[in-house]
Structure formats: C-alpha cells, structure tokens
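The listed protein sequences derive, respectively, from chains A and B. Heads up: the first sequence begins at 248 in our numbering, then just goes up one per residue. Heads up: the second sequence begins at 248 in our numbering, then just goes up one per residue. I have placed the structure first, in the form of structure tokens, so that the comments after it can refer back to it.
2 protein chains.
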Amino acid sequence: MTDPADFYRGRRVMVTGGMGFIGSNLARRLVELGAKVIVVDSLIPEYGGNHFNLDGIEDRLTLNVADIRQQSTMNYLVQGRDVIFNLAGQVSHIDSIRDPQTDLDINCRAQLVLLEACRHNNPATKVVYAGTRQVYGRPDSLPVSERQLVRPTDVNGINKVAGEYYHLVYNDVYGVRACSLRLTNIYGPRQLIRHNRQGFIGWFIRLAVEDREIEIYGDGTQVRDFVYVDDTVDAFLRAGASDACNGMTLNVGGAQPIAHRDLTALLVQVAGSGRVRLVPWPAEKKAIDIGSFYSDSSLIASVLGWTPKVTLEDGLRRTVAFYRQHLARYIDGPGGGPIAP
Amino acid sequence: MTDPADFYRGRRVMVTGGMGFIGSNLARRLVELGAKVIVVDSLIPEYGGNHFNLDGIEDRLTLNVADIRQQSTMNYLVQGRDVIFNLAGQVSHIDSIRDPQTDLDINCRAQLVLLEACRHNNPATKVVYAGTRQVYGRPDSLPVSERQLVRPTDVNGINKVAGEYYHLVYNDVYGVRACSLRLTNIYGPRQLIRHNRQGFIGWFIRLAVEDREIEIYGDGTQVRDFVYVDDTVDAFLRAGASDACNGMTLNVGGAQPIAHRDLTALLVQVAGSGRVRLVPWPAEKKAIDIGSFYSDSSLIASVLGWTPKVTLEDGLRRTVAFYRQHLARYIDGPGGGPIAP
C-alpha cells in the first residue's frame with residue numbers, strides 16, 4: 248500500500264472529535280505529514296475535547312467548533328475532504344446508563360447526519376470510523392476475532408455498533424467508502440483524565456502520577472489488551488489511505504494481553520509512584536463486566552499491514568512523562584468538568 | 248411450559264403497535280384467551296395501524312392512542328402490565344433509506360423510552376420484542392441460525408437490531424425480563440397492503456386478489472420462508488409466558504422455504520386470479536438484496552416448543568379469502584395513505 252507519509256501530503260482531511268484524545272494525536276500526525284487538516288469538535292464539557300491537545304499546532308490547521316448532530320453544518324463542512332476520520336462520540340459507558348438518549352443522539356443520530364452529509368455533498372470521500380471492541384460484550388473465546396457475534400453489554404456498546412453498521416451500509420449501498428476500526432483499550436498522551444468515566448487506563452495513569460491508590464476489582468486477574476495511541480494513529484492513517492478495507496470492520500488490538508494486577512504493577516513501577524489495592528466488585532460494575540478480553544488483530548495485519556510497535560512498558564513511560572509535565576492542563580483546563588472521587 | 252390458554256387468562260397485557268398487522272392479530276387472540284388487553288398505537292398515517300383490525304373486539308379491550316416515543320406517556324402506560332408485547336415500529340426499508348432519522352427515532356429512541364419506562368415504573372414486567380431476520384443481511388450459509396453474524400444491509404435493519412440489543416441489555420443489566428423474536432416474512436389477514444413499502448408478500452397478495460400482474464425480480468429463484476400470522480402470534484404468546492427465553496433472540500421462521508416464482512405461482516393458483524411477470528432487478532433494489540434467505544428455527548422449537556402449523560397453501564387461502572371480503576378496508580380505510588403504483 249501507499250506509504251501514509253506520501254499519501255497525506257497535501258490531502259484535505261477532516262478529523263471529527265479532533266480535540267479529543269485519539270483525534271488530536273491523529274491531527275498532530277497529519278499536520279506533520281503535510282495534510283491540510285480541519286478539526287471539528289463540539290467541545291462539550293466533560294467530554295474529551297481539550298484546547299491543550301492542539302498546543303503548538305493551532306496555526307497549522309483549521310479548528311471549527313461544531314456538533315456533528317447539526318445537519319446543515321455538516322453538509323457544508325464535509326465538502327472537499329479527501330478523508331474524514333470520524334472520532335466524535337460519547338465514550339462513557341457510565342454516562343450511557345444514566346442518560347441513554349443522549350448517548351443515542353451522539354453515537355447514532357449524529358453518525359447518520361455525517362453520513363447523509365457525505366452521501367449528498369461529498370460521496371467520493373473516505374470515512375474511517377472509530378469503533379470499539381466493546382461491541383463484542385463478553386467473549387465466547389479468546390482472542391476475539393471479527394467473526395465473533397456482537398453482543399454489547401450496555402447502551403453505549405449498542406449505539407456504537409449501530410454507528411459502525413451505518414458506515415458499512417453507506418459504503419455498500421451509497422458508495423461512500425467507509426470502514427470501522429474496533430479499538431481496544433487505547434492509552435497515551437492527551438487522554439481525558441479529569442474523571443474516571445471514560446475508561447480505566449487513563450484514570451489509573453493519573454492516579455499513579457499523583458501517587459494515589461489504584462483500586463482494581465476482584466482478584467485482578469481479568470485480562471485486557473492495550474494499544475499506545477501512536478500505534479492507533481498509524482492504524483487510522485493506513486485505513487484512510489487504502490481502499491482494501493472499504494466496507495470492513497477491523498480489530499485494532501494490543502500485542503501483549505495482560506492481567507489488571509500485572510498492568511497496574513508495571514504502571515506503578517514505571518511511574519515510581521502510586522500503589523494498588525484489590526477491592527470487591529461493585530454490583531453495578533459487575534453487571535456489565537465482560538471478564539477477560541483481548542483482540543485478534545490478524546485481519547488488519549493482513550489487510551493493512553498494521554501491527555503495534557510500542558511496547559506497553561515504553562508506552563506507559565512516555566504517557567507518565569507527558570502527564571507529569573502537563574498534569575494541570577488535564578485536570579482543570581478549559582472546559583474542565585468536576586474531578587471524580 | 249404453561250399452556251398459553253391458561254397463562255393469559257386475567258393477565259394485564261399491553262400490545263404496542265396493536266392496531267397493526269401482527270399486533271392486532273395478537274390482541275384478538277389475547278382477548279379470546281381472557282387477557283385484559285390494552286392496545287397502544289400511534290396510528291401514524293402510512294404505517295400499519297388500521298381501526299378495522301380490531302373490528303368486533305373494540306369493546307373487549309382498551310385502545311390508547313399514543314406514541315411510544317413519549318416518555319411521560321409510556322411511564323404511565325407500562326404500569327401494572329404483566330406482559331408487554333412490543334411491536335411498535337417503522338418497518339419500511341424503503342422509507343428508512345429516504346428518511347433515516349425518523350427510522351432511528353422510532354426504532355431506537357422509542358425502544359429506549361419504553362424500556363426506561365419499564366425499568367423505572369414496572370421492572371417486574373416481561374417484554375417481548377418484534378425483531379426481524381433482516382438484521383442478518385446477506386447470509387453466509389443456509390438455513391440461518393442465531394449464531395450467524397448480524398450484518399444489516401440498510402438503516403432500518405441496523406436500527407431494528409439496536410432496538411433488539413437494548414431489550415437484551417435491559418434484561419441482563421436491569422432485570423427487566425425481555426427477549427426478541429427475529430421474524431421472517433409474516434403474512435396473513437390485517438397486513439398493510441395500501442402501498443408496497445412494507446414487505447412484498449402482502450403486496451403480492453393484494454395484486455393477486457385484484458387480478459393484477461405480480462412483478463418478481465430477476466429469475467425468481469431467490470428463496471424465502473414465510474410464517475402465517477396465527478403461528479407468529481403463537482410464538483409471541485409462548486415467549487410472553489415463559490422465562491426460559493429471557494435475554495435470548497429467537498428466530499421465527501417458516502417450515503417450507505420456497506422460491507419467489509413458486510410462491511407467486513402458488514398464490515395465483517390459490518387465488519384463481521392475478522399473473523406473474525419476471526422483470527430485471529432495479530438497481531436500487533439490487534443494492535440491498537440479500538439473495539436467498541431462510542431461517543433455522545430449531546432454537547425456539549427447543550426453548551419454547553414452537554413450530555409453525557399452518558401450511559403455506561392453507562395460509563394463502565385464508566389470507567386471500569380475508570382480503571376478498573374486506574379489501575376496501577385495507578386500500579382506502581381510515582388513516583389510509585396513497586396507493587403505490
């Protein structure tokens with residue numbers, strides 16, 4: 248396939264959710280590669296958008312604050328984009344339980360808005376959707392390939408898979424080229440760590456950096472896989488540059504599945520701070536727990552040549568160093584919400 | 248399991264979409280069985296609700312016109328219901344292509360409204376959801392069991408599967424007992440035949456009754472399975488009366504898969520009117536065609552003891568006789584929409 252380094256030079260690229268965790272890392276890389284980048288973000292408080300995420304590159308891209316639920320706005324913004332990286336979403340499972348309709352609005356309705364905008368105003372574009380491994384729910388067997396049945400365990404997982412399916416239908420039926428990456432647990436610089444409702448790994452890293460106690464549920468033997476954000480960005484770049492993945496869902500999983508207790512031990516060791524305590528499962532968490540999970544990423548390896556490059560230890564080291572340097576920007580920055588207990 | 252004839256006597260039962268095709272047949276049967284029935288229907292023009300569907304039993308049940316998208320209304324109406332048969336939905340694939348957001352609103356948002364109403368106001372109820380085999384999309388192999396991957400080919404199929412998953416999550420996480428029946432092509436009295444946007448079988452029957460030409464696409468060798476509505480009602484009754492199916496999706500498929508050309512030949516023969524013509528596939532239909540499809544219903548047979556009883560020939564005979572007698576009520580009755588060409 249084309250080297251992304253060549254593919255993106257001079258391309259007009261949109262990143263929705265581009266001030267968030269993965270979106271901003273992707274936007275930064277695209278700017279480095281010489282792409283003409285527009286970042287679209289709603290900057291809804293408590294979500295992942297953070298001005299500091301684009302620190303130092305603000306004058307090398309266009310920032311457009313907008314909500315992708317707004318049809319007329321999106322009809323305009325999609326025009327002329329060669330590639331659209333579609334990362335805008337509500338990612339909190341906990342929030343989806345409290346307010347399922349807002350989750351539906353952002354993760355389903357907004358995706359239809361974007362895709363309808365493309366269908367009618369830019370059918371030649373390519374859309375890469377940020378899916379999630381959460382759609383699988385509790386796995387039948389490990390590792391989990393794309394052939395396993397989808398069985399989400401919460402409303403957020405359901406809405407995310409509906410959003411994914413829309414992309415595949417618009418690819419198959421309307422010819423708006425699209426694919427979905429089912430991301431496992433992603434970590435790295437620029438992740439939201441103001442509260443603990445958007446995935447545990449960023450929160451654990453914050454606790455370690457602040458020399459606080461990390462609580463893990465049960466005996467800590469549940470296994471997960473992790474992908475460093477630079478590797479995740481590489482997967483998006485490859486998907487956006489290739490037509491081989493059109494209409495496909497591709498797992499993006501880590502190379503080293505690891506138990507929670509080993510992960511946290513490694514984190515505390517790398518950080519040189521923090522400590523770990525095992526606590527009993529809270530009932531409401533146990534109800535949506537899926538046991539151990541890790542992905543089979545052989546499909547994306549064969550279709551796009553993607554494999555993760557950054558080891559967990561190295562990735563944690565880089566991430567801890569980033570938050571040590573910029574912690575204040577991530578716990579009480581602009582648009583900041585309350586800090587969870 | 249309990250004989251439904253005994254289970255439903257004196258039970259308080261709600262049927263959403265209860266003036267529609269399957270809902271009204273179900274409501275009629277429940278009244279016969281001695282249940283206390285409330286029918287909830289939005290009577291949106293062009294959808295399947297039809298006053299004549301409850302002809303003769305209006306004084307033996309309660310009719311409440313309401314839209315299940317209305318949270319406060321549903322919060323009230325779900326209270327005290329032992330079983331809720333949830334059949335309200337937007338069932339036109341063609342309409343979902345033209346207006347995906349309305350489809351989302353009815354098939355996703357409204358389902359969350361109903362389930363939230365149950366969770367907070369009647370968590371002890373049982374909900375049986377009308378799912379669809381359309382969620383499978385183009386099958387990998389035949390017959391199609393519940394183990395096949397979901398891969399809808401249009402927005403309606405996506406929203407229907409999201410609606411189904413919500414029910415399973417509310418069962419698993421909130422203890423609101425629920426299951427989903429993935430219905431194949433259902434036919435019989437009281438189906439909408441005013442236009443051809445809600446499934447082809449009702450439309451074919453109308454054309455035969457009116458002695459018109461039935462067009463089938465391609466060479467007519469594509470295979471489907473069909474279930475007569477009385478058998479479908481029996482599946483709903485069994486699912487509502489049993490806890491063995493909680494949290495499950497169950498195919499409801501026909502016993503005699505048949506090619507379109509053989510189906511239409513049988514229909515013309517049974518009706519003694521109408522004729523068949525093969526026409527080339529319209530491009531926009533071909534884009535969402537799924538080839539041959541028929542369901543494996545062995546799971547519901549083992550879990551609920553359900554098997555279809557009415558042969559295709561007998562079912563078509565009864566259906567044709569019904570529409571011969573009541574045709575005017577179904578092509579220009581109250582709430583009627585335009586008749587398609």
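Think of the CB as a built atom: it goes at the ideal place given N, C-alpha and C, for glycine as much as any other residue.
C-beta neighbour in chain A for Ala364(B), strict 8 Å
In the second sequence, the residue the question calls residue 364(B) occupies position 117. Among the residues facing chain A, Ala364(B) is not included, as its CB has no counterpart in that chain under 8 Å away.
Just checking my contact of Val416(B) with Pro399(A) at CB under 8 Å: how many whole Å lie between their CB atoms?
Your numbering for residue 416(B) matches position 169 in the second sequence. Your numbering for residue 399(A) matches position 152 in the first sequence. Right, the Cβ-Cβ distance comes to about 7 Å (below 8 Å), so this counts as a contact.
Would the stretch 465–481 of chain B count as touching the stretch 504–511 of chain B if we require 3 or more Cβ pairs under 8 Å?
The answer is yes - the stretch 504–511 of chain B touches the stretch 465–481 of chain B, with three or more Cβ pairs under 8 Å.
Would you identify the three-state DSSP class for Thr400(B), choosing helix, strand or coil?
The residue labelled residue 400(B) in the question sits at position 153 within the second sequence. For Thr400(B), the secondary structure class from DSSP, reduced to helix, strand or coil, is coil.
Is there at least one Cβ from chain A nearer than 8 Å to Pro399(B)'s Cβ?
Sequence index remark: in the second sequence, residue 399(B) carries index 152 (1-based). Pro399(B) counts as touching chain A.
I'd like the list of long-range same chain contacts for Thr309(A), defined as Cβ closer than 6 Å, with 5 residues on each side in sequence excluded.
Mapped onto the first sequence, residue 309(A) falls at position 62. Same-chain partners within the cutoff: Ile285.
Kindly say whether Ile535(A), judged by its beta-carbon, lies nearer than 8 Å to any beta-carbon of chain B.
Locating residue 535(A) in the first sequence gives position 288, counting from the first residue. Ile535(A) has a beta carbon lying within less than 8 Å of a beta carbon in chain B.
Environment of Asp542(A) [buried if 16+ CB atoms lie within 10 Å]
Position 295 of the first sequence, counted from the first residue, corresponds to residue 542(A). This sequence places Ser at residue 542(A); Asp is not what is there. Its Cβ being crowded by 16 or more others within 10 Å, Ser542(A) is buried.
Taking C-alpha atoms, which residue in Arg576(A), Ser489(A), Ala534(A) and Arg256(A) lies nearest to Leu439(A)?
For the purposes of this step, residue 439(A) is taken as the residue at position 192 of the first sequence. Of the listed residues, the one whose Cα sits closest to Leu439(A) is Arg576(A).
What's the call for Ala252(B), buried or exposed, on a 16-neighbour Cβ count within 10 Å?
As a position in the second sequence, residue 252(B) is number 5, starting the count at 1. Counting Cβ neighbours within 10 Å, Ala252(B) comes out exposed, since fewer than 16 surround it.
When DSSP labels each residue in this structure, what does Lys533(B) get in the three-state scheme?
Along the second sequence, read from residue 1 onward, the residue named residue 533(B) stands at position 286. DSSP, read as helix, strand or coil, puts Lys533(B) in helix.
DSSP state of Leu351(B), grouped into three classes?
As a position in the second sequence, residue 351(B) is number 104, starting the count at 1. It is helical.
Verify the CB distance criterion: does Gln516(B) have a CB-CB separation below 8 Å to chain A?
The residue labelled residue 516(B) in the question sits at position 269 within the second sequence. Answer no: the Cβ-Cβ gap between Gln516(B) and chain A never drops below 8 Å.
Backbone CA spacing between Ile315(B) and His298(B) [nearest angstrom]
Sequence index remark: in the second sequence, residue 315(B) carries index 68 (1-based). Sequence index remark: in the second sequence, residue 298(B) carries index 51 (1-based). Taking the straight line from one Cα to the other gives about 18 Å.
Start and end residues, alpha helix (DSSP H) containing Ala357(A)
For the purposes of this step, residue 357(A) is taken as the residue at position 110 of the first sequence. Membership of Ala357(A) in the alpha helix (DSSP H) is indicated by the continuous run Ala357 to Asn368.
State yes or no: is the beta carbon of Gln348(B) nearer than 8 Å to at least one beta carbon in chain A?
Residue numbering aside, residue 348(B) sits at position 101 when the second sequence is read from its first letter. For Gln348(B), the answer is yes, since a Cβ of chain A falls inside 8 Å of its Cβ.
Would a check of beta-carbon distances place Leu428(A) closer than 8 Å to chain B?
Position 181 of the first sequence, counted from the first residue, corresponds to residue 428(A). No, Leu428(A) does not count as interfacial toward chain B.
Under 8 Å between C-beta atoms of Ala313(A) and Leu324(A)
One-based indexing of the first sequence puts residue 313(A) at position 66. One-based indexing of the first sequence puts residue 324(A) at position 77. Yes, Cβ-Cβ distance for Ala313(A) and Leu324(A) is below 8 Å.
Report yes if the CB atom of Gly410(A) is closer than 8 Å to the CB atom of Asn322(A), and no otherwise.
Taking the first residue of the first sequence as position 1, residue 410(A) is located at position 163. Taking the first residue of the first sequence as position 1, residue 322(A) is located at position 75. Their beta carbons are not under 8 Å apart, which means Gly410(A) does not touch Asn322(A) by this criterion.
As assigned by DSSP and simplified to three states, the class of Val260(B)
Along the second sequence, one-based indexing puts residue 260(B) at 13. Three-state DSSP puts Val260(B) in a strand.
Should Cys426(B) be counted as a contact of the ligand GDP given a C-beta to heavy atom distance under 7 Å?
Absence of the ligand GDP from the depicted structure is noted, as is the absence of any ligand whatsoever, leaving it without description.
Using a Cβ cut-off of 7 Å, which residues of the stretch 467–485 of chain A contact any Cβ in chain B, in chain order?
Against chain B - using a Cβ distance shorter than 7 Å - the stretch 467–485 of chain A contributes no residues.
Between the Cα of Pro292(B) and those of His442(B), Asn418(B) and Thr379(B), spot the shortest distance and give me the residue it belongs to.
Locating residue 292(B) in the second sequence gives position 45, where the first residue counts as 1. Out of His442(B), Asn418(B) and Thr379(B), His442(B) has the C-alpha closest to the C-alpha of Pro292(B).
Name the residue from Ala512(B), Phe483(B), Ala377(B) and Val360(B) whose alpha carbon lies nearest to the alpha carbon of Arg275(B).
Translated into the one-based positions of the second sequence, residue 275(B) becomes position 28. When only C-alpha atoms are compared, the closest one is Phe483(B).
Does the distance from the C-beta atom of Val330(A) to that of Thr263(A) stay below 8 Å?
Here residue 330(A) refers to the residue found at position 83 when the first sequence is read from its first residue. Here residue 263(A) refers to the residue found at position 16 when the first sequence is read from its first residue. Contact: no.
From the beta carbon of Asp419(B), is the nearest beta carbon of chain A less than 8 Å away?
For this step, residue 419(B) is matched to residue 172 along the second sequence. Using beta-carbon distances, Asp419(B) counts as an interface residue toward chain A, with a partner under 8 Å.
CB Val382(A) to CB Val402(A), shorter than 8 Å?
The sequence position of residue 382(A) within the first sequence is 135, counting from 1. The sequence position of residue 402(A) within the first sequence is 155, counting from 1. By the CB criterion at 8 Å, Val382(A) and Val402(A) fall outside the cutoff.
Between the CA atoms of Asn369(B) and Gly265(A) - distance to the nearest angstrom:
The residue given as residue 265(A) occupies position 18 in the first sequence. The residue given as residue 369(B) occupies position 122 in the second sequence. Asn369(B) has its alpha-carbon roughly 42 Å from the corresponding atom of Gly265(A).
So Leu525(B) is in the beta strand (DSSP E); what residue range does that whole segment cover?
As a first step, residue 525(B) is located in the second sequence; it is residue number 278 there, counting from the start. If you look at Leu525(B), you'll find it in the beta strand (DSSP E) that goes Arg522 to Val526.
Residues of chain B with a CB under 7 Å from the CB of Ile315(A): which are they?
Here residue 315(A) is taken as the residue at index 68 of the first sequence, counted from 1. Within 7 Å Cβ-Cβ: nothing; Ile315(A) doesn't reach chain B, min ~13 Å.
Does any C-beta atom of chain B lie closer than 8 Å to the C-beta of Leu546(A)?
Start at 1 with the first residue of the first sequence, and residue 546(A) comes out as number 299. Output row for Leu546(A): interface = no.
Is the distance from the Cβ of Leu428(B) to the Cβ of Val375(B) below 8 Å?
Sequence index remark: in the second sequence, residue 428(B) carries index 181 (1-based). Sequence index remark: in the second sequence, residue 375(B) carries index 128 (1-based). Leu428(B) is a Cβ neighbour of Val375(B), given a cutoff of 8 Å.
Alpha carbon to alpha carbon, what distance is there between Val338(A) and Glu531(A)?
Locating residue 531(A) in the first sequence gives position 284, where the first residue counts as 1. Locating residue 338(A) in the first sequence gives position 91, where the first residue counts as 1. Cα-Cα distance, rounded: 18 Å.
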